[in-house]
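Peer 1:
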Amino acid sequence: MLSVVIRRLIVAVPLMGVISFIVFVLSSLAGGSVGQAILGPTASAASVAALNAKLGADRPVLVQYVDWLRHAITGDLGLSVVSGVPVADTIASRIPVTMSLAVGALLLVIILGVTSGAIAAIRGGIIGRLAEVLAVLGRGLPSFWLALIAVLVFGVNLAWLPVSGYVPFADSPSGWIQSLILPVVVLGVSEIALVAVVTRAEMLSAMRSDYVRSLRANGYPWKRIVFKHVAKNAAGPVLTMVSLVFVSLIGGTILMEQIFGMPGLGTLMVSATTKHDLQVIQGLAVFYTAMVVVVFLLTDIASGYLNAKARAR
Amino acid sequence: MQVLKQGRTIGKVRRGRRLAAGLIAVALGVAALTACGSGGSSSGSASDTLTVALPIDSPTSFELTQQCSSPMFQLAYEPLIRITKDGGYEPGIAASWQYSSDKTVFTMKIRGGVKFADGTDVTRDSVLNTLNYYKSVPGLNDGYIKPWKIAAVDKDSIAITSPAPFAGMESILSDSGNCNNGMIISAAGLANPDKLKTATFGAGPYVYDAAQSQNGDHYTYTPNPLYYDKSRQNYKKIILRVIADQNTAMNALASGQIQVNMTGGAQLADQAKSKGFDSTVGRVQATAIMLWDRAGKLTPELGDVRVRRAMALALDRDSIAKAVGTAITTQDQFTGAGFPGHDDNLPSKYTYDVNQAKKLLADAGYPDGFSMTLEVNSDDPDATIAVNAAAAQLGKIGIKLDLKSLPNSSFFTDFAAKKFSAGAVSYGLYGTLPNEAYRLYKLPYSAVWNPFASTDPDLDKAYDALNASTKDTFEANAKQFNDTMTAKAWYVPIVAVPQFIYSKGIDVGKRDPMGQFAISAWAAKK
Chain A
2 MLSVVIRRLI VAVPLMGVIS FIVFVLSSLA GGSVGQAILG PTASAASVAA
52 LNAKLGADRP VLVQYVDWLR HAITGDLGLS VVSGVPVADT IASRIPVTMS
102 LAVGALLLVI ILGVTSGAIA AIRGGIIGRL AEVLAVLGRG LPSFWLALIA
152 VLVFGVNLAW LPVSGYVPFA DSPSGWIQSL ILPVVVLGVS EIALVAVVTR
202 AEMLSAMRSD YVRSLRANGY PWKRIVFKHV AKNAAGPVLT MVSLVFVSLI
252 GGTILMEQIF GMPGLGTLMV SATTKHDLQV IQGLAVFYTA MVVVVFLLTD
302 IASGYLNAKA RAR
Chain B
3 MQVLKQGRTI GKVRRGRRLA AGLIAVALGV AALTACGSGG SSSGSASDTL
53 TVALPIDSPT SFELTQQCSS PMFQLAYEPL IRITKDGGYE PGIAASWQYS
103 SDKTVFTMKI RGGVKFADGT DVTRDSVLNT LNYYKSVPGL NDGYIKPWKI
153 AAVDKDSIAI TSPAPFAGME SILSDSGNCN NGMIISAAGL ANPDKLKTAT
203 FGAGPYVYDA AQSQNGDHYT YTPNPLYYDK SRQNYKKIIL RVIADQNTAM
253 NALASGQIQV NMTGGAQLAD QAKSKGFDST VGRVQATAIM LWDRAGKLTP
303 ELGDVRVRRA MALALDRDSI AKAVGTAITT QDQFTGAGFP GHDDNLPSKY
353 TYDVNQAKKL LADAGYPDGF SMTLEVNSDD PDATIAVNAA AAQLGKIGIK
403 LDLKSLPNSS FFTDFAAKKF SAGAVSYGLY GTLPNEAYRL YKLPYSAVWN
453 PFASTDPDLD KAYDALNAST KDTFEANAKQ FNDTMTAKAW YVPIVAVPQF
503 IYSKGIDVGK RDPMGQFAIS AWAAKK
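Which chain is which? The protein sequence lines are A and B, in order. Take the first sequence: its position 66, counted from the start at 1, is 67 in our numbering, and no numbers get skipped. Take the second sequence: its position 170, counted from the start at 1, is 172 in our numbering, and no numbers get skipped.
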């Protein structure tokens, strides 16, 4: 298992380097310049050129990238050329918002998705079909539409929950929960269905296997078979699905943050891209890559715990 | 067996009770959370707190020279000349001012007794040093201020000398939309220019509170105890919240999270009306096809004024305005309705006339029309909709437009590099004196909007007359300039799009000529 972790970490470093380079080059190829983005469209070419020179944005792309990389290796992600704030500080201040959304939605997905999938598999019949219908519905509803409806109903009309903004947990735990309820539910709803379907399918597959039949024939209690054997065997694929769902949820936070006016990493990415703030874009690319690497690493470790074959690999 | 059945029944009842208890607990939890209403956001809801929504493209730095006017700066910096709540100009740090008779020298007397928020005095030298700082760094107003000569006149007066007559000083030196060059910076700020990005060094009515703010999301301001005019401190706290989505901002206004929504959205005007919000017109944007290649270097046909006029006459602006959206009006001449020089009876205005357009094209030697590529700003939805409708109408007179859609980031750099002979874009209409109202012709903005550096003797003459205007002759000269510019058809204006600010219970006053508001003078409606 340790070798798996080490291998993953060895791959992670060059992966982040490659991704940061691709992002840097693509951002540079997108046209425009930071000087133009800061000064706006009506600035004269001379003013834009002077500002680019002042910010070092007039140097060749490769030189700028190497300069950035040299500092990034030492943990210094530099200053935002637009706001003048350290990139690491900016990202750090936004992580709690995005993580609150993504982890909150993930918990919702695990609790409701796994539970409903398991119930559907065990009980079958109407409950099983209902879970399938809800799964299709959940996947079919566009998140932005659902978000707008939720805001209108629960935020504007009923005034139960705030329509926008984020309250840090330290400021007000209840305010924090209130500000998260709508975006977390909207973010998680389509993924709940996905996890439910996978859980149901994996559990049904395990329940129909020979060893389950043997256990039942030998008079083992059904509950024990389900919880000790079926659930454990189904857990591996579900876990993999959950890790993929988490990565998807992190992507989904970008839209939720926009709709609910939350100051997370997604909003920062949109703003930095609009303003051509390469340092922030780079910092975010590295952070997102690192996060995905960590998620998959944790999944590997958990899979190893659940499955001896995976442990051996 | 009966005992077994009873046991099962008891079990079911217990499970039912547990379920009911669980549901009640959840309901109580939700009730407790929502009992506080929807106030649990980062916005203020008390009446002594004003929360204003700003658009996503708001500054993320306090670097004054690199941003256009924003409430972020207006609250923390005191300008030389303030905009008033009814849209005029009044003394700020400059207690009084006057132009020389030829409008090349602008003299200001500096107000005494004003202090920066850091406790130091605002002096004549503070003003001199600040203006010289603005001259020394890249900024949006370079075209205006780089040629200035700034000098002390006496112990409390300074004079700015321009190389040519210039009548727009009030706008440049105010906290209006002309990009902050009137905001005076303390010695501590000027000594540490790098800090000007992340902190404020002003003498404004409020002080930026970094500890209660998050860059890019919300900015909190508290009253400056040293400020000289308490009538501009109507709140204990002002929070500026950046909200990316215009619908979200409107919902925040509806739910009371914010009191003023400055994120725009003309398409939301009907919704605002139905909800009983106040809608106040701020900046007005004109959407136009800009015909840059007036000498016909890339597109020879555009070198003939008859072709340009034919394009202007071929547009049914009423139908285009409907397509663009609610509250959109047509614009059939260079200057917009309600702005200096606008004339409903203008002889040269572009009244929809397909037959006349075809005749002009035929007279110019293009009876079958021609094809050209036109750059469209894809980040400008109004321009995109308008030009798509316009392209269909121009097709009726044989002009085939090949629309090339480019994002904001490359739209401007590409046309500055003369890659396109024409483009569709929105631009602000301003109501101040010549240099703003007619910036599409002369420097500094013409360097951007006039990439081929076109000149015209008739326009020069009209422009010079406008600049030399007295109060009595200004409107007539403005009309003359408008008539000449419209006849030359350098720009084909299509529609005017107002930018609204929506508010609830707040008296926001009127916009100034640049479309800005005196935010520090805002107060609850009585």
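Yeah, the Cβ is synthetic: ideal placement off N, Cα and C, and Gly gets one too.
Step through the CB atoms of chain B and report whether any lies within less than 8 Å of the CB of G118 (chain A).
Peer 2: Within the first sequence, residue 118 (chain A) is the residue found at index 117, counting from 1. Answer no: the Cβ-Cβ gap between G118 (chain A) and chain B never drops below 8 Å.
Peer 1: Counting only the same chain and skipping the five closest in sequence on each side, list residues whose C-beta sits under 7 Å from that of V296 (chain A).
Peer 2: As a position in the first sequence, residue 296 (chain A) is number 295, starting the count at 1. Hits under 7 Å: S244, F247 and V248.
Peer 1: What residues from chain A crowd round N253 (chain B), counting only those whose CB sits closer than 8 Å?
Peer 2: On the second sequence, position 251 is the one that residue 253 (chain B) refers to. Here the neighbours are V152, L153, G156, V157, V164 and S165.
Peer 1: Take the Cβ of G42 (chain B) as the centre, count every other Cβ of all protein chains shown within 10 Å, and call the residue buried at 16 or more, exposed below.
Peer 2: On the second sequence, position 40 is the one that residue 42 (chain B) refers to. Model confidence at G42 (chain B) stands at a pLDDT of 38, short of 50, so the residue's coordinates are unreliable and nothing is read from them.
Peer 1: For A121 (chain A), collect the residues of the same chain with a Cβ closer than 6 Å to its Cβ; drop the 5 residues on either side in sequence, then sort them by chain order.
Peer 2: Here residue 121 (chain A) is taken as the residue at index 120 of the first sequence, counted from 1. So the qualifying residues of the chain are I128, G129, A132 and R201.
Peer 1: Would A148 (chain A) be called buried (16 or more neighbouring beta carbons within 10 Å of its own) or exposed?
Peer 2: Here residue 148 (chain A) is taken as the residue at index 147 of the first sequence, counted from 1. Buried.
Peer 1: Could you tell me the boundaries of the beta strand (DSSP E) in which T224 (chain B) lies?
Peer 2: On the second sequence, position 222 is the one that residue 224 (chain B) refers to. Where T224 (chain B) is concerned, the enclosing beta strand (DSSP E) stretches over H220 to P225.
Peer 1: Using 8 Å as the threshold, is the C-beta distance between A393 (chain B) and L408 (chain B) below it?
Peer 2: For the purposes of this step, residue 393 (chain B) is taken as the residue at position 391 of the second sequence. For the purposes of this step, residue 408 (chain B) is taken as the residue at position 406 of the second sequence. It is not a contact, given that the beta carbons lie outside the stated cut-off.
Peer 1: Which residues in the same chain have their Cβ closer than 6 Å to the Cβ of L78 (chain A), if we skip the five residues on either side of it in sequence?
Peer 2: Numbered from 1 along the first sequence, position 77 holds the residue referred to as residue 78 (chain A). V88, A89 and G284, listed in sequence order.
Peer 1: Out of B:G305, B:F476, B:K406 and B:T472, which has the shortest C-alpha to C-alpha gap to S103 (chain B)?
Peer 2: Looking up residue 103 (chain B) in the second sequence gives position 101. The candidate whose alpha carbon is nearest that of S103 (chain B) is B:T472.
Peer 1: For S101 (chain A), name the three-state secondary structure that DSSP assigns.
Peer 2: As a position in the first sequence, residue 101 (chain A) is number 100, starting the count at 1. Helix.
Peer 1: Using the Cα positions of H181 (chain A) and V54 (chain B), report the straight-line distance between them to the nearest angstrom.
Peer 2: Position 180 of the first sequence, counted from the first residue, corresponds to residue 181 (chain A). Position 52 of the second sequence, counted from the first residue, corresponds to residue 54 (chain B). Before going further, note that residue 181 (chain A) is Leu rather than His in the sequence given. Approximately 22 Å between the Cα atoms of the pair.
Peer 1: Between which two residues does the beta strand (DSSP E) harbouring F108 (chain B) extend?
Peer 2: One-based indexing of the second sequence puts residue 108 (chain B) at position 106. Counting along the chain, the beta strand (DSSP E) containing F108 (chain B) begins and ends at V107 to I112.
Peer 1: Are the CB atoms of A78 (chain B) and Y230 (chain B) within a distance shorter than 8 Å?
Peer 2: Reading the second sequence from its first residue, position 228 is the one you call residue 230 (chain B). Reading the second sequence from its first residue, position 76 is the one you call residue 78 (chain B). No, Cβ-Cβ distance for Y230 (chain B) and A78 (chain B) is not below 8 Å.
Peer 1: Can you list, in chain order, the residues of its chain whose CB lies under 8 Å from that of Q280 (chain A), leaving out five sequence neighbours each side?
Peer 2: Mapped onto the first sequence, residue 280 (chain A) falls at position 279. W69, L78, G79, L80, S81, V82 and V88, listed in sequence order.
Peer 1: What would DSSP say about F372 (chain B), mapped onto helix, strand or coil?
Peer 2: As a position in the second sequence, residue 372 (chain B) is number 370, starting the count at 1. Reduced to three states, the DSSP call for F372 (chain B) is strand.
Peer 1: Evaluate the contact criterion for the region 306-317 of chain B versus the region 452-463 of chain B: three or more CB pairs, one atom per stretch, below 8 Å.
Peer 2: no
Peer 1: Is there a Cβ from chain A that is less than 8 Å from the Cβ of L142 (chain B)?
Peer 2: In the second sequence, residue 142 (chain B) corresponds to position 140, counting from 1. With 8 Å as the cut-off, L142 (chain B) counts as an interface residue toward chain A.
Peer 1: Compute the distance between the beta-carbons of T337 (chain B) and H344 (chain B), then report whether it is under 8 Å.
Peer 2: What you label residue 337 (chain B) is simply residue 335 of the second sequence in a count that begins at 1. What you label residue 344 (chain B) is simply residue 342 of the second sequence in a count that begins at 1. Judged by beta-carbon spacing, H344 (chain B) lies within the 8 Å limit of T337 (chain B), meaning their Cβ atoms are closer than that value.
Peer 1: Show which residues of chain B have a CB atom less than 8 Å away from the CB atom of F261 (chain A).
Peer 2: The residue labelled residue 261 (chain A) in the question sits at position 260 within the first sequence. What F261 (chain A) touches in chain B: T250.
Peer 1: Using the Cα positions of E92 (chain B) and I162 (chain B), report the straight-line distance between them to the nearest angstrom.
Peer 2: On the second sequence, position 90 is the one that residue 92 (chain B) refers to. On the second sequence, position 160 is the one that residue 162 (chain B) refers to. If I take the Cα positions, the gap works out to 19 Å.
Peer 1: Excluding sequence positions up to five away, which residues of its chain have a Cβ less than 6 Å from the Cβ of G156 (chain A)?
Peer 2: In the first sequence, counting from the first residue as 1, residue 156 (chain A) sits at position 155. Contacts found: L162 and V164.
Peer 1: Would you verify that the beta carbon of P61 (chain A) is, or is not, closer than 8 Å to some beta carbon of chain B?
Peer 2: If you number the first sequence from 1, residue 61 (chain A) lands on position 60. It does not: the Cβ of P61 (chain A) has no partner Cβ on chain B nearer than 8 Å.
Peer 1: I'd like to confirm the pairing. Which residues does DSSP put opposite A303 (chain A) in its beta bridges?
Peer 2: For the purposes of this step, residue 303 (chain A) is taken as residue 302 along the first sequence, with counting starting at 1. According to DSSP, A303 (chain A) bridges with nothing at all.
Peer 1: Is the Cβ-Cβ distance between A391 (chain B) and S428 (chain B) less than 8 Å?
Peer 2: To locate residue 391 (chain B), count along the second sequence from 1; it is residue 389. To locate residue 428 (chain B), count along the second sequence from 1; it is residue 426. No. Outside cutoff.
Peer 1: Can you list the residues of chain B that S84 (chain A) reaches, using a CB-CB cut of under 8 Å?
Peer 2: Translated into the one-based positions of the first sequence, residue 84 (chain A) becomes position 83. Neighbours of S84 (chain A) on chain B, chain order: T62, S63, K199, T200, N217 and G218.
Peer 1: Between the Cα of K360 (chain B) and those of B:S350, B:F372, B:K351 and B:P349, spot the shortest distance and give me the residue it belongs to.
Peer 2: Taking the first residue of the second sequence as position 1, residue 360 (chain B) is located at position 358. Nearest C-alpha to K360 (chain B): B:F372.
Peer 1: Listing by chain order, which chain A residues have their CB less than 7 Å from the CB of A256 (chain B)?
Peer 2: In the second sequence, counting from the first residue as 1, residue 256 (chain B) sits at position 254. Per Cβ cutoff of 7 Å: V157.
Peer 1: Determine which residues of the region 130-159 of chain B have a Cβ less than 7 Å from any Cβ of chain A, and write them out in chain order.
Peer 2: P140, G141, L142, D144 and G145
Peer 1: So T91 (chain A) contacts chain B; which residues on that side make the cut at Cβ distance below 7 Å?
Peer 2: For the purposes of this step, residue 91 (chain A) is identified with residue 90 of the first sequence, where counting begins at 1. Under the 7 Å cutoff, chain B gives N217.
Peer 1: I want to see whether chain A comes within less than 8 Å of F414 (chain B), judged by CB atoms only; does it?
Peer 2: Position 412 of the second sequence holds residue 414 (chain B). Chain A contact via Cβ: present.
Peer 1: Determine, using beta-carbon pairs with one atom in the region 148-158 of chain B and one in the region 263-273 of chain B, whether at least three such pairs fall under 8 Å.
Peer 2: no
Peer 1: Flag A274 (chain B) as yes if its beta-carbon sits less than 8 Å from any beta-carbon of chain A, otherwise no.
Peer 2: Within the second sequence, numbered from 1, the residue matching residue 274 (chain B) stands at position 272. Taking Cβ atoms only, chain A never reaches closer than 8 Å to A274 (chain B), which makes this a no.
Peer 1: Identify the residues that DSSP records as bridge partners of G425 (chain B): which are they?
Peer 2: Position 423 of the second sequence holds residue 425 (chain B). Paired residue(s): B:M292 and B:E377.
Peer 1: Does DSSP classify M252 (chain B) as helix, strand or coil?
Peer 2: In the second sequence, counting from the first residue as 1, residue 252 (chain B) sits at position 250. In the three-state reduction of the DSSP assignment, M252 (chain B) falls in the helix class, which pools H, G and I.
Peer 1: Considering only the alpha carbon of each residue, which of B:G170, B:T125, B:K527 and B:V107 lies closest to G511 (chain B)?
Peer 2: Along the second sequence, one-based indexing puts residue 511 (chain B) at 509. Of the listed residues, the one whose Cα sits closest to G511 (chain B) is B:K527.
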